[in-house]
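Chains as they are written, first to last, in my numbering: chain F, 1 to 326; chain R, 327 to 621.
Following this line, the structure appears as structure tokens:
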């Protein structure tokens, strides 16, 4: 027990070395091959849902695992972006890629606004502040004239990519979503291993020392917060196009909790953990869809078990076992 | 009839009263959070679920065993507080050596479990809990009609808040508690059982949430989601007030309830978000919170 201090979260997983280990490239390559072949075995819509949430969780992990900031309000970016993309595609009839970009832009602006305020507090206060602002966005989505209230925005057209490729077939859309998500995952990987990412990890591990080394800690935190918000927005906008729907579920606090759970279960501060966590939770939700609130109970149990029994997460445990950072 | 700023006084005082009622719950809940945070250094995310449990246990006592409201006021905090003691011993106590965020994640998971279980059992539609006969009816104050039960809620909340403040700031037990907040190792060296004190403190904080739940049962419908959205507002209240001071938590709770009520009179669309807007302003002007110690 110590005095209440406001420190960021420190990763329990094995530290990632400087540079990009070769086995990461191998895993990415295998992953790409598996995902390219996956629709032959699994339902494409299910796979697209997994991909969207894998990106969402990876975006949160960039902030939580590498920036040491626990946001409990990431649904705000995910949800707002999906509303903007759905509205742009349906009411303005824009191409899907433009609609998605508009969603990402909206999420980035919101991320900047919330980030500027939230980074003034740390630790659990940061979590509470982000949660409260996300609730504000939820009320906005509930009352604003263009969000459709309880119904959300339904029957969003998938449209034609660049005005050329018809996306109404699930399989065509799957490969587009795969390209978007895989590209974003590589981008996140690049951010983590850039000089920027190294400073971020230094701030996570020892903020006072980073300050004394002359880094403008607040700027780094704000930058990673906006990046994370934009990537969460990309996930939300893509999901809106895939499911042709933007609804209040996407912006509610339960969604923020779900994405934290995916990251925690997969392994905070690991590269591949959020992907595994997202796949596990989405599969679980699909499997238990008919059991009502038992899904909530089960999610709670996984939360409690993850915190008490394996804080490193699935991939964190694997990494420890293989003695290789994953 | 006279009017104030173009608002009929019945509406104004009606909303003020409603704000005061909401403020009573904000104060009771943020007080519980502050007490728990002071000693345990964790944010109790399951506070809202435990508030909901309080309302449900009161409803169960009345429906299944016929135990009335007044006994429920006594029994429910003890029962729900006891579950808090068990949770602290079995789970939370294992996390003290870790980052505070794990406590938040654990109690979030517990909140999901509790809410999910109640939703499975009782559905999402509210269950009625009638106002006790002694407090039914109301008083006409001339300028407005004051329902007796609502007056009672405000009075009860003020009394409980004041009693808690007195116990922590003015008694010997409270002095131990404050000392353990500052330096648990030293207090332990003086022969005081600090782990047991931590357990009982958590139990007490949870009991406060349950008491708020019993008080709320006759006003709001008893349903599994009643605590979920409320707790987020209470988090904002806690950020605005800062958790450094017990009195600060109480004052901020009542104050923000009244501000919310006034907003409902003058700008109804903004009433749901006014507390969050105030939080944004406070973060800009005084990030540590109105009563917070600068970190």
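No residue lacks a Cβ here, since even glycine has one placed at the ideal position from N, Cα and C.
Discussion item. According to DSSP, is residue 334 (chain R) part of a helix, a strand, or is it coil?
Written reply: coil
Worksheet item: Any C-beta of chain F sitting closer than 8 Å to the C-beta of residue 300 (chain R)?
Response: Limits of chain R in this structure are 327 at one end and 621 at the other, which puts residue 300 (chain R) out of reach.
Worksheet item: For the beta strand (DSSP E) that contains residue 465 (chain R), what are its first and last residues?
Response: 464-466
Worksheet item: For residue 428 (chain R), which residues in chain F fall below 8 Å Cβ to Cβ?
Response: 307, 311
Discussion item. Under DSSP, the alpha helix (DSSP H) around residue 234 (chain F) begins and ends at which residues?
Written reply: 217-243
Worksheet item: What residues in its chain sit with their C-beta under 8 Å from that of residue 2 (chain F), if we drop five residues either side in the sequence?
Response: Caution applies to residue 2 (chain F), whose pLDDT of 38 falls short of 50 and renders its modelled position unreliable; the value that the coordinates give is listed next. Here the set comprises nothing.
Worksheet entry | chain F contact residues for residue 562 (chain R), given Cβ-Cβ distances below 7 Å | 132
Practice prompt. Please look up how many angstroms separate the CB atoms of residue 99 (chain F) and residue 76 (chain F), rounded, as I've assumed it's under 8 Å.
Written response: At roughly 19 Å, the Cβ-Cβ gap does not stay under 8 Å, so residue 99 (chain F) and residue 76 (chain F) are not in contact.
Discussion item. Could you compute how far the alpha carbon of residue 345 (chain F) sits from the alpha carbon of residue 320 (chain F)?
Written reply: Residue 345 (chain F) lies beyond the stretch modelled for chain F, which goes from 1 to 326, so this question has no answer here.
Item to complete: Could you pull out every unbroken alpha helix (DSSP H) segment of at least 4 residues lying fully inside the segment 362-401 of chain R, listed in chain order?
Response: 373-386
Worksheet item: Applying the criterion that 16 or more other CB atoms from any shown protein chain within 10 Å of the CB defines a buried residue, is residue 402 (chain R) buried or exposed?
Response: buried
Discussion item. If distances are taken between C-alpha atoms only, which option among R:433, R:486, R:596, R:352 comes closest to residue 304 (chain F)?
Written reply: R:433
Worksheet item: Going along the chain, which residues of its own chain have a beta-carbon closer than 6 Å to the beta-carbon of residue 346 (chain F), five neighbours each way excluded?
Response: Chain F is shown only over 1 to 326; residue 346 (chain F) falls outside these bounds and no answer can be derived.
Item to complete: Spell out the partners DSSP gives residue 246 (chain F) in its beta bridges.
Response: F:153
Worksheet item: So, helix, strand or coil for residue 208 (chain F), using DSSP?
Response: helix
Discussion item. Please tell me whether residue 613 (chain R) has its Cβ less than 8 Å away from any Cβ of chain F.
Written reply: yes
Discussion item. Less than 8 Å between the beta carbons of residue 563 (chain R) and residue 587 (chain R), yes or no?
Written reply: no
Discussion item. Rounded to whole angstroms, what is the Cα-Cα separation between residue 288 (chain F) and residue 295 (chain F)?
Written reply: 6 Å
Practice prompt. Excluding the 5 residues preceding and the 5 following residue 54 (chain F) in the sequence, name in chain order all residues of the same chain whose CB lies nearer than 6 Å to its CB.
Written response: 275, 278
Worksheet item: Can you find a CB in chain F that lies within less than 8 Å of the CB of residue 415 (chain R)?
Response: no
Discussion item. Taking the alpha carbon of residue 60 (chain F) as the reference point, which residue from F:204, F:167, F:224 has its own alpha carbon closest?
Written reply: F:224
Worksheet entry | Where the beta strand (DSSP E) containing residue 274 (chain F) begins and where it ends | No beta strand (DSSP E) contains residue 274 (chain F), which is instead part of the alpha helix (DSSP H) from 273-287.
Worksheet item: Could you check where the beta strand (DSSP E) with residue 471 (chain R) kicks off and where it finishes?
Response: 471-473
Discussion item. Please identify, using Cβ separations under 8 Å, the residues of the segment 284-296 of chain F that lie next to chain B, in order along the chain.
Written reply: Looking at the structure shown, chain B is missing, and the protein chains on hand are F and R.
Discussion item. Considering only their Cβ atoms, is the gap separating residue 440 (chain R) from residue 366 (chain R) smaller than 8 Å?
Written reply: no
Worksheet entry | Sheet register partners of residue 160 (chain F) (DSSP bridge) | F:166
Worksheet item: If we ignore side chains and look at the alpha-carbon of each, how far apart do residue 311 (chain F) and residue 133 (chain F) end up?
Response: 27 Å
Item to complete: Locate the alpha helix (DSSP H) running through residue 254 (chain F), then write down its first and last residues.
Response: 253-266
Discussion item. Do residue 81 (chain F) and residue 106 (chain F) count as a contact pair if the criterion is CB distance below 8 Å?
Written reply: yes
Worksheet item: Which residues in chain R sit within 8 Å of residue 121 (chain F), going by Cβ to Cβ distance?
Response: 565, 609, 613
Practice prompt. Please check the pair residue 552 (chain R) and residue 381 (chain R), which I expect to be a contact at CB under 8 Å, by giving their CB distance rounded to whole angstroms.
Written response: 6 Å
Discussion item. Measuring CB atoms only, is the segment 39-51 of chain F touching the segment 191-211 of chain F, in the sense that at least three cross pairs come out at less than 8 Å?
Written reply: no
Worksheet item: Count the other CB atoms within 10 Å of the CB of residue 390 (chain R); is the residue buried (16 or more) or exposed (fewer)?
Response: exposed
Worksheet entry | Local conformation of residue 453 (chain R) per DSSP, three classes | strand
Worksheet item: Are residue 194 (chain F) and residue 74 (chain F) touching if we call contact CB-CB under 8 Å?
Response: no
Worksheet item: Who are the near neighbours of residue 537 (chain R) in its chain, counting only those whose CB is closer than 8 Å to its CB and skipping five residues on each side?
Response: 354, 380, 399, 402, 403, 486
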